[in-house]
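Peer 1: Residue numbering for the sequence shown follows numbering that gives the first Met the number 0, beginning at 0 and increasing consecutively.
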Amino acid sequence: MSASYSLEIIDSVQVDYLGNFFLFDYSTDRKLYLGKGYHDNEFLLIDHSGVVKDTVLLRQDGPQAVGWANAVGFQDQFMTIFDPINGIVQMDDEGNIRKKIIIPGEYFFLNGYKGKPYFKLGKDIAYYRPERGKANWNNVSNLMEKSYQGTILEVLDTLSGEVRDAMPVPNSSKYHDGKFHGWSFPVVLKRGAFWILYFKGENQFYLFTEENGMLGEFKTVKLNVSNWVEEEGVVFENALKHAEINHGLKGGSILEIILMDKFILVAYKKGVSREELQNYNLQSKEGKDALSKINELFISVFDFNGLKITDFLAPKGIHLSNVVNSEGQWVVTKNQDYNGVEEDFHTLYLMELIED
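(1) From which residue to which residue does the beta strand (DSSP E) around S320 run?
(2) Leaving out five residues before and five after A134 in sequence, what residues of the same chain have Cβ atoms less than 6 Å from its Cβ?
(3) Measure the C-alpha to C-alpha separation of I124 and D53 and round it to an integer number of angstroms.
(4) Between D39 and T79, what straight-line distance do the alpha-carbon atoms span, to the nearest angstrom?
(5) Once the 5 residues before and after M0 are set aside, which same chain residues still bring their CB inside 6 Å of it?
(6) Using beta-carbon positions only, say whether M143 and A238 come within less than 9 Å of one another.
(7) Tell me whether K268 is buried or exposed, calling it buried when 16 or more other Cβ atoms sit within 10 Å of its Cβ.
(8) Return the chain-ordered ranges of every beta strand (DSSP E) run that is complete within the segment 248 to 324 and spans a minimum of 3 residues.
(9) Below 6 Å CB to CB, which residues in the same chain sit around R58 once its five sequence neighbours on both sides are set aside?
(10) When burial is assigned at 16 or more other CB atoms within 10 Å of the CB, is S11 buried or exposed?
(11) Sorted by chain position, which residues of the same chain lie with C-beta nearer than 8 Å to F179's C-beta, five sequence neighbours on each side aside?
(12) Should Y348 go down as buried or exposed, given a rule of 16 or more other Cβ atoms within 10 Å for buried?
(13) Pick out the complete beta strand (DSSP E) segments inside the segment 146 to 180, 3 residues or longer, and give them in chain order.
(14) To the nearest angstrom, how far is it from the Cα of D156 to the Cα of E341?
(15) In whole angstroms, what separates the C-alpha of T346 from that of S325?
(16) Do you know offhand how far G66's Cα is from I84's?
(17) Apart from the five residues on each side of it in sequence, which residues of its chain come closer than 7 Å, Cβ to Cβ, to E7?
(18) Can the beta-carbon of I102 be found less than 9 Å from the beta-carbon of Y126?
(19) Using the Cα positions of Y197 and D343, report the straight-line distance between them to the nearest angstrom.
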């Protein structure tokens, strides 16, 4: 018989900030949270008591200018972004550029990524692989097919400037079956020599191990949940029709994977079938609220070998993150809309996995 677990809110912290707020990362060394503020170029450094210690503004012009913060997180204790124009850029707490790592060659990105801007891989660094060459936006289907055929990561030798590919799409993934399944939204997580890859639209994830600065074989870990709603794949020539073909259903998705001290938590929704979805008016707030109640958020708990331990419903009224603080607590944000309140501050919930 499997053990029974639940998530309990152990404590809460009020962040004195008015406006939209998204939690991104945590620095164990500095004991600071990293959040994004109301504007796309405003980032907040927040201490354990909820005080905004510094506001980092990304400048849009001049010698300190950066473009688009594609992936954001702490690296070596400082806020670092993957800027598709300038490469990897590390900022100080006043928004000045401390360091740049130039990505060689001509490249572009088809979409944004979440998570760390780069990962250390032996003596090299790995980051989400950009598309190489010039983008032919007149043939989106071909762009997407080439993207599917590429690896998830690119690795840079910072001494020689040479790059190589790493982490191919696993052959057990639907994104390897020769069809178009929409943008894959890959997310990579790393702790020591332990790596995880997942795609938003799949009900499985992948474990990788690192040896001697190289990624080894992967292991596919299935969620094994019932009533998962799968979107239909299409041939690449019909890539632009994918959304139309899947209109009227909401596919299942992994929303976050959280690396706790001893467990892996997978936050997911099973999706909603066409038969169920047609009963709701998604143009109205009432319809959207009703839909959210049937497309519930679940948590699966795994050990670090990929063995599933249990499933349970997630606490309601939260905005997810994959942030874990130095106390081993999963940190999420209170959803004010769900709770029917409008406050001039934000609340962080500190949660722990409790065995019942």
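The C-beta atom is built at its ideal place from N, Cα and C for all residues, glycine as well. Note that the structure is predicted; figures quoted are calculated from it, not measured.
Peer 2: This is what the structure gives:
(1) Segment I317 to V323, the beta strand (DSSP E) holding S320.
(2) Closer than 6 Å at Cβ, skipping near neighbours: F107.
(3) Their Cα atoms are separated by approximately 28 Å.
(4) 15 Å
(5) The pLDDT assigned to M0 is 44, lower than 50, so where the model puts this residue is not dependable, and the model offers no usable value.
(6) yes
(7) By the Cβ-count criterion, K268 is buried, with 16 or more other Cβ atoms from all chains shown falling within 10 Å of its own Cβ.
(8) 252 to 258, 263 to 268, 296 to 301, 307 to 312 and 317 to 323
(9) A64
(10) exposed
(11) S140, M143, E144, Y147, G232, V233, V234, F235, N237, A238 and H241
(12) It is buried - the Cβ of Y348 has at least 16 other Cβ atoms within 10 Å.
(13) 152 to 155 and 162 to 165
(14) 49 Å
(15) Our two residues, T346 and S325, have alpha carbons roughly 18 Å apart in a direct line.
(16) 6 Å
(17) M350, E351 and I353
(18) yes
(19) Rounded to the nearest angstrom, the gap between the Cα atoms of Y197 and D343 is 35 Å.
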